[in-house]
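For reference, the structure discussed in these notes is given below.
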Amino acid sequence: MAKPKLKDFLHDLKMRMRRSENKIPKVFICIRLRPKSQEPKKAAAEFEENLERARIAARYAVLNGYDPEATTIYFTQFLNDSLAKERKVGMEIGRVRLINCNKLWAILDEGETPSSGMISDMKMAEENGIPIEYKNFSEIKTWVENHDKISK
364 MAKPKLKDFL HDLKMRMRRS ENKIPKVFIC IRLRPKSQEP KKAAAEFEEN
414 LERARIAARY AVLNGYDPEA TTIYFTQFLN DSLAKERKVG MEIGRVRLIN
464 CNKLWAILDE GETPSSGMIS DMKMAEENGI PIEYKNFSEI KTWVENHDKI
514 SK
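Under our numbering, think of the first position of the sequence shown as 364, with each following residue one higher.
Spelled out as structure tokens, the structure:
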């Protein structure tokens, strides 16, 4: 096997660096999915509301120059979050995706505490040196609403 030439190695390194410089920063959207309510009808409505909050947060990320990793939205399209086995699979794959992100946004409302799923995602981020930024959902929602008014 021929030994690679230094100029080929440097060219390859430069190309890889250029590709990584041009990448849009990835942000992991860490937001509550599971409802707090135990009453089935209220829980179903809260679950849908939480998905909508995740959509708004992901849209905010895109409109501010980020590539959102919104596994909350993605995996609930084909996995059943109410089945423990499927929820676990979705969360495990989500954490693999998390470690490829530049940062994690923990999105909460004023006075809201993180869910157990959010806490484990934030712990994974800390263990992998991924910066965590806390974002207020109400501020994100207001920003998106104002953006929509201006854009019309």
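C-beta atoms are modelled at their ideal positions from N, C-alpha and C, and glycine is treated no differently.
Handout entry: Per-residue DSSP class, three states only, for Lys386
Key = coil
Handout entry: C-beta atoms of Leu467 and Asp484 nearer than 9 Å
Key = yes
Exercise for the section: Please check the pair Leu414 and Thr434, which I expect to be a contact at CB under 8 Å, by giving their CB distance rounded to whole angstroms. Expected result: With 8 Å as the limit, Leu414 and Thr434 do not qualify as a contact, their Cβ atoms being about 12 Å apart.
Exercise for the section: Kindly provide the ranges of any beta strand (DSSP E) runs that are 3 or more residues long and lie completely inside the region 484 to 508, ordered along the chain. Expected result: 495 to 499
Handout entry: Same chain only: Cβ atoms within 7 Å of Cys393, ignoring 5 sequence neighbours per side
Key = Leu467, Trp468, Ala469, Ile470, Met481, Asp484, Met485
Handout entry: Coarse secondary structure for Asp444, derived from DSSP in three states
Key = coil
Exercise for the section: Would you tell me roughly how many angstroms separate the C-alpha atoms of Thr505 and Lys370, rounded to the nearest one? Expected result: 52 Å
Problem - Reference Glu412; option with closest CA among Ile495, Glu490, Val459, Arg397 - result: Arg397
Practice task
Output the distance between the C-alpha atoms of Asn427 and Met487, rounded to the nearest integer angstrom.
Solution key: 25 Å
Practice task
Please look up how many angstroms separate the CB atoms of Tyr429 and Val459, rounded, as I've assumed it's under 8 Å.
Solution key: Not a contact, Cβ separation roughly 19 Å.
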